[in-house]
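> Using this note's numbering, the letters of the sequence shown correspond one by one to residues 110 to 389. Beta carbons are placed, not taken as given, at the ideal position from N, Cα and C, and that holds for glycine.
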Amino acid sequence: EEHIERLYDGIKVLKIPIKMSPAEMEKAIYKTIKTNNHLFRKTDEHRIMINVSRGPLSMYAHVFGGKIEPTVIISDFPFKWTIAPLTPLYDSGVHAVIPSQRTIPADLLDPKIKNRSRLHYLMANLEVSLVNDPTAWALLLDPDGFIAEGTGSNFFIVKKGRLLTPEPRNVLRGIRRKYTMKLASELGIEVIECNLNSYDAITADEAFFTSTAFTMMPCVKVNGVQLGDGKMGPVTAKLFKSWNEMVGLDIIKQAKEYLKEMGSDAYNGTTMYRFGKKKE
């Protein structure tokens with residue numbers, strides 16, 4: 110529901126004249142799942158992606174009988190296709206690398222609008238892919254030099270038992286970000302939204318990324334500097350345990366089962382956060 114709510118908030122801001130209501134969108138999603146379900150295994154989870162545009166340009170109206178309407182695309186594919194390639198990173202942790210590419214400031218494009226105009230993400234990922242480290246992920250700064258977000262994920266650090274994350278000014282306010290902060294508060298962990306720079310990340314006790322795709326991903330190195338003992342930290346592990354309890358399954362265990370099921374097909378040299386060549 111929160112993903113659909115965020116979608117429709119963006120549609121409202123962008124003034125897309127969509128006739129489909131949120132309830133109708135949800136109904137269409139379940140219809141898509143039902144239609145495709147015979148193609149999935151019983152153990153598969155569905156990953157749904159929704160794209161909404163204003164539709165074809167008016168100059169092509171004649172192709173569509175003179176009627177131009179918003180285009181809605183609902184994609185449905187096995188969740189394991191997304192999570193399996195990332196699974197080894199739960200054990201190794203990721204290496205956050207700060208590229209020269211910055212985020213787009215909110216006064217130019219409000220990051221609260223989840224959109225597919227992500228060329229800056231691509232540029233950041235391409236730059237970081239030049240780093241000789243298969244665990245390297247891009248961590249973008251905002252135009253003022255403060256940490257913003259990953260390319261499709263939010264970023265947190267742990268310092269002296271407190272959980273710190275960038276102010277939401279120049280970041281997408283992720284659903285996993287929101288609930289991670291909520292879980293932390295319930296565990297008695299102080300949560301602070303503040304300006305963070307690379308110094309703060311490098312000197313952190315722990316760090317991690319959050320995203321709907323992988324929930325939480327431990328970050329064990331920033332710009333080549335190891336954090337803690339180079340493994341998932343105790344606060345990160347505590348939060349992950351709370352996530353497992355909330356969703357009723359062991360998230361990492363499920364990912365490892367998907368990886369085992371897919372075998373070599375799970376990794377083609379790239380992930381959604383990194384580009385590279387498949388090892389022969």
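1. According to the Cβ coordinates, are SER209 and LEU218 closer than 9 Å?
2. Could you please give me the residues that DSSP links to PRO327 through a beta bridge?
3. With a 10 Å radius around its C-beta and 16 neighbouring C-beta atoms as the bar for buried, classify GLU299 as buried or exposed.
4. How far does the alpha helix (DSSP H) with SER108 in it extend, from its first residue to its last?
5. Closer than 8 Å by C-beta to PRO165: which residues in its own chain qualify, once you throw out the five before and the five after it? Chain order, please.
6. So does the region 195-208 actually touch the region 237-247, counting three or more Cβ pairs closer than 8 Å?
7. Please go through the same chain and pick out, in chain order, the residues whose beta-carbon is closer than 6 Å to the beta-carbon of ALA108, but skip the five residues on each side of it.
8. Looking only at C-alpha atoms, which of ILE301, ASP216, GLY261 and ILE159 sits nearest to LYS269?
9. Exposed or buried, which one is THR345 when buried takes at least 16 other CB atoms within 10 Å?
10. Quick one: give me the first and last residue of the alpha helix (DSSP H) that LEU348 is part of.
11. Classify GLY333 as buried or exposed, calling it buried when 16 or more other Cβ atoms lie within 10 Å of its own Cβ.
12. Whose C-beta lies closer than 7 Å to the C-beta of PRO126 among residues of the same chain, with five residues either side of it excluded?
13. Three-state secondary structure (DSSP) at ILE183?
14. What's the C-alpha gap between PHE149 and PRO327?
Taking the coordinates as given:
1. Between SER209 and LEU218, the CB-CB gap reaches or exceeds 9 Å.
2. According to DSSP, which records beta bridges pairwise, PRO327 is partnered with PHE317.
3. Around the Cβ of GLU299, a 10 Å sphere holds fewer than 16 other Cβ atoms; the residue is exposed.
4. Outside the displayed span of the chain (110 to 389) sits residue 108, for which this structure offers no information.
5. VAL172, PHE173, ILE177 and THR180, listed in sequence order.
6. Yes, the region 195-208 touches the region 237-247.
7. What the structure shows of the chain is the stretch from 110 to 389, and residue 108 is not part of that stretch, so it cannot be assessed.
8. Nearest option by C-alpha distance: ILE301.
9. By the 16-neighbour rule on beta-carbons within 10 angstroms, THR345 is buried.
10. Here the alpha helix (DSSP H) through LEU348 covers 343-356.
11. GLY333 sits exposed, since fewer than 16 C-beta atoms from the chains shown fall within 10 Å of its C-beta.
12. If we look at PRO126 and ignore the five residues flanking it on each side, its Cβ neighbours are PRO179.
13. ILE183 sits in a strand when the DSSP states are folded into three classes.
14. As the crow flies, the alpha-carbon of PHE149 is around 30 Å from that of PRO327.
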